[in-house]
Amino acid sequence: MQTARAHAPGKVILFGEHAVVYHQPAIAVPLAAVQARAEAIPDDLGSGLTVHAPDVNRVLRVTGDLDQSDPLYNALIYPLELALAALNAPVPDLAITIRSSIPIASGLGSGAALATALVRALALALGRPLSNSALNALIYEVEKRHHGNPSGIDNTVIVYERPVYFVRGAPPTPFTIAAPFTFVIGDTGVNSPTHLTVGDVGRLVEAEPERVTPIFAHIGAIADQARAAIEAGCPAALGPLMNENQTLLRALTVSSPELDDLCAAALRAGALGAKLSGGGRGGNMIALVAPDQAPVIAGALRDAGATAVFATTVR
Ligand code: MEV
129 MQTARAHAPG
139 KVILFGEHAV
149 VYHQPAIAVP
159 LAAVQARAEA
169 IPDDLGSGLT
179 VHAPDVNRVL
189 RVTGDLDQSD
199 PLYNALIYPL
209 ELALAALNAP
219 VPDLAITIRS
229 SIPIASGLGS
239 GAALATALVR
249 ALALALGRPL
259 SNSALNALIY
269 EVEKRHHGNP
279 SGIDNTVIVY
289 ERPVYFVRGA
299 PPTPFTIAAP
309 FTFVIGDTGV
319 NSPTHLTVGD
329 VGRLVEAEPE
339 RVTPIFAHIG
349 AIADQARAAI
359 EAGCPAALGP
369 LMNENQTLLR
379 ALTVSSPELD
389 DLCAAALRAG
399 ALGAKLSGGG
409 RGGNMIALVA
419 PDQAPVIAGA
429 LRDAGATAVF
439 ATTVR
């Protein structure tokens, strides 16, 4: 066994969240500004596999037997148990330290990124690195445990670390970013676990299929138009599409006063478009901005109550 380090980025969904669960296309990009990082160090003989999580001040033991009583089981233990089973490997004597700068339950892919970094570090330390496609399949299983009915977009964009045009069940389609574009991300500071909003949207479509199914299709059509604009090098066209997508997300009941306020503040300050990103009801929103406007819009978001703000450029 050897010392191994691995990382995984956060992610931002640009278009198509929720509708993607119902097989509509969506677009997501990795977010390198926030990361999960894991370091695996061979431990003393017989010490077993431990996960050190200094961010939450915990040390957990991975036994290979299911011990689901720990609240951190899904996030930190289950991915490693799955990986050991997939590799058909006995529990190794290894200490893995995991740290993350990705806020949890905020739509930035924290769960998938933690699992990806942990499993990558474990597989590397065992000298058995996993292909992206094997890793992606494994992290999808972890996502199922986190939120029941995931589309697979979060694990895909995080494992492959590339912008993706994603349709549930189909292989990820990388696409060309013909011209870079910049957006500012604002955090409402409100935790909102994805499984709750995905569950609520599921109940909504069951209750009102005639109203809700066309909303999904409309969101899918927006994602297709957005892909065409990105590939044609016309990112400014994304602004109105983001606003339209946000109106539809509101109709799905997954926006919130905090998200609406931040979107409105960004638009007032000159953003080209704004919408929530991820599961909604809290977490983060994104605003498309002219690059030189990013500081002004970041300031407006802070003034409107965003608890964290940062800008990122997609290339
Ligand atoms: C969460 O990042 C995106 C959702 O569409 C859920 C999913 O696709 O699994 C809300």
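If you want this note's numbering, it's the position in the sequence shown, counting the first as 1, plus 128.
Glycine included, C-beta positions come from ideal geometry on N, C-alpha and C.
Cβ-heavy atom distance between Ser-279 and the ligand MEV below 7 Å?
Distance from the C-beta of Ser-279 to the nearest heavy atom of the ligand MEV is below 7 Å.
Gly-348 (DSSP reduced to helix, strand or coil):
Here DSSP, grouped into helix, strand and coil, assigns Gly-348 to helix.
Endpoints, the alpha helix (DSSP H) within which Leu-366 is located:
From DSSP, the alpha helix (DSSP H) with Leu-366 extends over 366-379.
With a floor of 3 residues, list each beta strand (DSSP E) that falls wholly inside the stretch 234-313, ordered by position along the chain.
The stretch 234-313 contains, as complete beta strand (DSSP E) runs of 3+ residues, the segments 292-294 (chain order).
Relative to the C-alpha of Phe-344, which residue among Ala-253, Val-148, Arg-189 and Val-270 is closest?
Among Ala-253, Val-148, Arg-189 and Val-270, the Cα nearest to that of Phe-344 is on Val-148.
Does the beta-carbon of Thr-322, which I'm using as the reference point, lie nearer than 7 Å to any heavy atom of the ligand MEV?
Using a cutoff of 7 Å, the CB of Thr-322 counts as near the ligand MEV, since one of the ligand's heavy atoms is closer than that.
Would you check whether the ligand MEV has a heavy atom nearer than 7 Å to the C-beta of Asp-328?
Not so, every heavy atom of the ligand MEV lies at least 7 Å from the Cβ.
For the candidate residues Ala-265, Asp-389, Asp-198 and Gly-407, whose alpha-carbon lies nearest to that of Asp-431?
Among Ala-265, Asp-389, Asp-198 and Gly-407, the Cα nearest to that of Asp-431 belongs to Asp-389.
Could you say which of Thr-341, Pro-419 and Arg-165 lies nearest to Ile-248 if we only look at CA atoms?
Note that residue 248 corresponds to Arg in the displayed sequence, not to Ile. With distances taken between Cα atoms, Arg-248 lies closest to Arg-165.
Check this for me: beta carbons of Pro-207 and Leu-177, under 8 Å apart or not?
In this structure, Pro-207 keeps its C-beta atom at 8 Å or more from the C-beta atom of Leu-177.
So Ala-439 is in the beta strand (DSSP E); what residue range does that whole segment cover?
It spans 436-442 - the beta strand (DSSP E) in which Ala-439 sits, taken as one unbroken run.
Buried or exposed by the 16-neighbour rule on C-beta atoms within 10 Å, applied to Pro-137
Flag for Pro-137 reads buried.
Quick one: what's got a C-beta closer than 8 Å to Ile-350's C-beta in the same chain, skipping five residues either side?
So the list reads Phe-143, Gly-144, Leu-369, Glu-372, Asn-373 and Leu-376, once near-sequence residues are dropped.
Looking at the structure shown, is His-135 part of a helix, part of a strand, or coil, going by DSSP?
His-135 falls in the strand class under three-state DSSP.
Closer than 7 Å: Thr-325 CB and nearest the ligand MEV heavy atom
The answer is yes for Thr-325.
With 16 other Cβ atoms within 10 Å as the buried cut-off, status of Asp-172:
Exposed, by the Cβ-count rule.
Can we count His-135 as close to the ligand MEV, meaning its CB is less than 7 Å from some heavy atom?
No, the beta carbon of His-135 sits no closer than 7 Å to any heavy atom of the ligand MEV.
Name the DSSP beta bridge partners of Gly-401, please?
Secondary-structure assignment with DSSP links Gly-401 through a beta bridge to Leu-416.
Check whether the Cβ of Val-287 sits closer than 7 Å to any heavy atom of the ligand MEV, and report yes or no.
Val-287: no, Cβ never under 7 Å from the ligand MEV.
Cβ of Gly-406 within 8 Å of Cβ of Thr-310?
Cβ distance not < 8 Å, so Gly-406 and Thr-310 don't count as in contact.
How is the beta strand (DSSP E) around Thr-225 delimited, first residue to last?
It spans 222-228 - the beta strand (DSSP E) in which Thr-225 sits, taken as one unbroken run.
Quick one, are the C-beta atoms of His-135 and Gln-163 less than 8 Å apart?
Result yes, Cβ atoms of His-135 and Gln-163 sit closer than 8 Å.
Keeping to the same chain, check which residues put their C-beta closer than 6 Å to that of Tyr-268; ignore five residues upstream and five downstream.
Annotation for Tyr-268: Gly-280 and Asn-283 place their beta carbon closer than 6 Å to its own, counting only its chain and skipping 5 residues before and after.
In angstroms, rounded to a whole number, what distance separates the CA positions of Pro-158 and Thr-244?
Computed Cα separation, rounded: 13 Å.
Count the CB pairs spanning the stretch 286-301 and the stretch 255-264 that are closer than 8 Å, and state whether there are at least three.
Taking 8 Å as the limit for Cβ pairs, the verdict is that the stretch 255-264 does touch the stretch 286-301.
Cβ of Ile-141 versus every heavy atom of the ligand MEV: is any distance shorter than 7 Å?
Yes.
Let me confirm a value: Ser-175 is counted as buried when at least 16 other C-beta atoms fall within 10 Å, else exposed. Which label applies?
It counts as exposed.
Selection from Ala-415, Leu-258, Glu-359 and Glu-336 that minimises the alpha carbon distance to Leu-210:
The option with the nearest alpha carbon to Leu-210 is Leu-258.
Can the beta-carbon of Val-190 be found less than 8 Å from the beta-carbon of Ile-205?
Yes, the pair counts as a contact, with Cβ atoms nearer than the cut-off.
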